[in-house]
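Remarks on the structure that follows.
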Amino acid sequence: MIDLINLGVKSIFIDNMIFAYFLGMCSFLAVSKKVNTAIGLGLAVTFVLTITVPVDWLLLQYVLKEGALTWISPEFANIDLSYLSFIMFIAVIAAMVQLVEMTVEKFFPALYGSLGIFLPLIAVNCAILGASLFMAQRDYTFTEGIVYGFGSGLGFLLAIVALAAIREKMKYSNVPDGLKGLGITMLLTGLMGIAFMSFMGISL
Amino acid sequence: MSTETLERNKHESLFSKRRKKFLVDPLNDQNPITVQVLGICSALAVTTQMKPSLTMAISVIVVMVFSNLAISALRKLIPTRVRIIVQLAVIATLVTLVSEVLKAYQYDMYKQLSVFVGLIITNCIVMGRLEAFALGNKPWDSILDALGNGMGYGWIILSVAFFREILGSGKLFGYAIFDAVGIHNFPTNGLMVTPVGAFFVLGLLIWVLRTRSGYVER
Amino acid sequence: MQQQSNTYIIVFSAITTIVLGGMLAMANQLLKPRQQKSIELDTKRQILNAVTDLKGKKGKEILDFYNQTIDGIVIDINGKKIEDGDNGEPIKADKVNVAGNYKKPPEERVYPVFVYHKPGDADAVESYIIPVYGNGLWGNIWGFVALDTDLNTVKGASFDHESETPGLGARISSEEIESRFKGKKVFDESGQLKSVVMLKGERNPESMIDEHHVDGMSGATLTSVGLNNMLQNYFKYYSAFLKKASKKNVAAL
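Protein chains in written order, with our numbering: chain A, 1 to 204; chain Z, 1 to 218; chain D, 1 to 253.
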């Protein structure tokens, strides 16, 4: 149990999708101009992550890994379909995002309007595919996968909301022309990254 | 940017002025990273050293060229309703192929790049160019566009990697060049080696490039 | 068939799936032997790197050298030799998945040992190489420790990692750090397991760097803690074997 909590804390602060692995930058940069939209996107990403990581785990265990198909017949013990992982993972993600999109459109139409094209773009958000790939690489168990997905989402949410808050305040600052937009955001993210590095010293 | 090419002289040269633009524009004026703000994700993580950055750049160019080619060749056949899925499928297949080849012939690089090769699938540049160009243009033009954008992406990440590797570990492509020139004990900047260094270098690089080209966002 | 009709979409999707799937399957079949060779080469190179300098040797040469110099055996936590794996087939040392084994409780794991001898002469044993595995700061770390014929003195070590910080924790895979372990001892005079412990910080006074300690890495304390735990654990798991083997011939286990 304590291991799971450690994993959760680690994936929010230390293994932060944005500050440690740069994943999720595209939507991060585009949506972080207003805090409300940022919160919406962060929650949507968290939701998608918490579902896709365990589903991809199931796929990996029972279909893709070497010897995974033995539940159909023991003769399949030598079949290794892991080269299909990329395609299958992205298919699961696309399907999930489609579901989320339909739900948001129905129940939160205002959010749907403000997120616009970025909702379907979650499907190609590197953080989502990245989380599943890391889960596969690190050989997490099913519960670890859920915790990891949820934690990564929260970490992303934290990062994107913080950045949006700073950018909202910065509307009244005098940023040099060449730095406006992407440039200053990069520098900001770097500074926030240094702050997050302070979490590295936590011994769990 | 998504224009169906107009009826023109059938004998347009392979590298006509119009086509040269496809190759050259994305290097600076229309650079996918610094101007179009695409493809940042996976770009930064591998830029700790030049060798993996080079491998990554080549992989991205390969994926882009072939996916642009495939989608452009099939553009009149792809049903609109499933086009995103088809694009994703083509990209995922190509990335898997690149990954498998790396695993077979460059196992060291494969280990170092780990999940980031797979993340080329979600690299906005690849999908972005398919939507914006390949779907509405002929194959050869699409190949040029892919090459241009791929190289635009490539030179930016190689530049970031150049600074990060030199300042972070005093090496280039793994060779300790400061030692070779006789400057021992070069004070390496540990921050360059962390993600933070990438953000700073990229931010400053964007500043320099945009000031030179005069592009102001919004 | 109208281009936007459902039938068209279905047929198009089916053809696309078959073509793409076929390409992937074909590529996988073609590349698999080469990939397995690459992985095998990587593992064998790491094993040999612990005990000798492979400078200049390439692919096939490394594999040949391995075949001439390494005999692999597999033991359990009590030091007893294991002949067959779970599936009844003879178990091969270099095929044991150390990372996978790490997930099992120590008592259930199988432990490979690579016996390094003079090329072609299986009795002229020069070293015993054991794999180690553990957790670094950001991800897993692993390596191979080569022990001398007294099964106590370290002849060499090679370490690797998946995601330690370059310039900091990643230094464990550098020649500089690995060479610090040469000549260190695992057990003390009374046979107590002391392991080889990396000190905190770098440039510690000579008096602290005795035969059970090595100098540390500045800024990489957490990785070095992981390294220490890894070594402590694995020396412990192998200690039954190490004690037994130092008393008699490995073949008689």
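Don't be surprised by glycine CBs; every beta carbon is placed ideally from N, CA and C.
Around Lys118 of chain D, the same chain offers Thr69, Ala124 and Glu126 as residues with beta carbons nearer than 8 angstroms, after the five sequence neighbours per side are excluded.
Between Met127 of chain Z and Ile91 of chain Z the beta-carbon gap is near 7 angstroms, inside 8 angstroms, which marks them as a contact. Asp150 of chain D sits in coil when the DSSP states are folded into three classes, being neither helix nor strand. At least 9 angstroms separates the beta-carbon of Gln232 of chain D from that of Phe144 of chain D. With contacts defined by Cβ atoms closer than 9 angstroms, Ile18 of chain A and Phe156 of chain A form a contacting pair.
Contact of Thr52 of chain D with chain Z by beta-carbon distance below 9 angstroms is absent, the smallest such distance being about 20 angstroms. Judged by DSSP secondary structure, Phe114 of chain D falls within the beta strand (DSSP E) whose first and last residues are Tyr111 to His117. Residue state for Ile129 of chain D is assigned as strand, using DSSP reduced to three classes. Per DSSP, Val46 of chain Z lies in no beta strand (DSSP E) segment and is marked neither H nor E.
Taking a Cβ-Cβ threshold of 7 angstroms, none of the residues of chain D is close to Leu119 of chain A; the smallest such distance is about 23 angstroms. Within the same chain, Cβ atoms closer than 8 angstroms to the Cβ of Ala44 of chain A are found at Val100, Val104, Leu115, Leu119 and Ile122, the five residues on either side in sequence being excluded. About 15 angstroms separates the Cβ atoms of Leu60 of chain A and Gly130 of chain A, ruling out a contact at the 8 angstroms cut-off.
Checking the DSSP bridge columns, you'll see Tyr175 of chain Z partnered with Z:Leu172.
For the pair Lys138 of chain Z and Trp207 of chain Z, the Cα-to-Cα distance works out to about 35 angstroms. Near chain A, meaning a CB-to-CB distance below 9 angstroms, the residues of the segment 73 to 84 of chain Z are Ile84. Of all C-beta pairs linking the segment 7 to 21 of chain D to the segment 195 to 203 of chain Z, fewer than three are shorter than 8 angstroms, placing the two stretches out of contact. Annotation: Gly201 of chain D has no Cβ neighbours in chain Z at a cutoff of 9 angstroms; minimum Cβ distance is about 15 angstroms. At least one CB of chain A lies nearer than 9 angstroms to the CB of Gly100 of chain D. Between the segment 172 to 184 of chain D and the segment 78 to 90 of chain D there are fewer than three inter-stretch CB-CB distances shorter than 8 angstroms, so the stretches are not counted as touching.
When 8 angstroms is used as the limit between beta carbons, Leu24 of chain D is near these residues of chain Z: Thr93, Thr96 and Leu97, in chain order.
In the DSSP annotation of this structure, the continuous segment of the beta strand (DSSP E) that includes Val74 of chain D starts and ends at Ile70 to Ile75. Annotation: Cβ neighbours of Leu84 of chain A in chain D (cutoff 9 angstroms, chain order): Gly21, Leu24, Ala25 and Asn28. Against chain Z, the beta carbon of Thr16 of chain D has neighbours under 7 angstroms at Val86 and Ala89, listed in chain order. Residue pairing by DSSP places Trp142 of chain D opposite D:Tyr133 and D:Asp160 in a beta bridge. According to the DSSP assignment, Phe89 of chain A belongs to the alpha helix (DSSP H) that extends over Ser85 to Phe107. It is roughly 30 angstroms from the alpha-carbon of Ile9 of chain D to the alpha-carbon of Ile61 of chain Z. With distances taken between CA atoms, Met64 of chain Z lies nearest to Z:Ala134 out of Z:Val37, Z:Ala134, Z:Leu191 and Z:Val24. Our two residues, Lys236 of chain D and Leu31 of chain D, have alpha carbons roughly 40 angstroms apart in a direct line. Here the segment 187 to 207 of chain D does not lie against the segment 97 to 117 of chain D, with fewer than 3 beta-carbon pairs under 8 angstroms apart.
If you draw a 10 Å sphere on the C-beta of Lys44 of chain D, you find 16 or more other C-beta atoms in it, and that means buried.
With a cut-off of 8 angstroms on Cβ pairs, the segment 150 to 161 of chain Z is not in contact with the segment 82 to 97 of chain Z, counting fewer than three such pairs. Val55 of chain A: member of the alpha helix (DSSP H) spanning Val35 to Leu59, first to last residue.
Nearest C-alpha to Asn228 of chain D among D:Lys60, D:Lys95, D:Leu41 and D:Asn135: D:Asn135. Proximity of the segment 94 to 113 of chain Z to the segment 29 to 36 of chain Z falls short of the contact definition, fewer than three beta-carbon pairs being nearer than 8 angstroms. By the C-beta density criterion, Pro187 of chain Z is exposed, having fewer than 16 other C-beta atoms within 10 angstroms. In chain order, Ala27, Asn28, Leu31 and Gln35 make up the part of chain D whose C-beta sits under 8 angstroms from the C-beta of Glu100 of chain Z.
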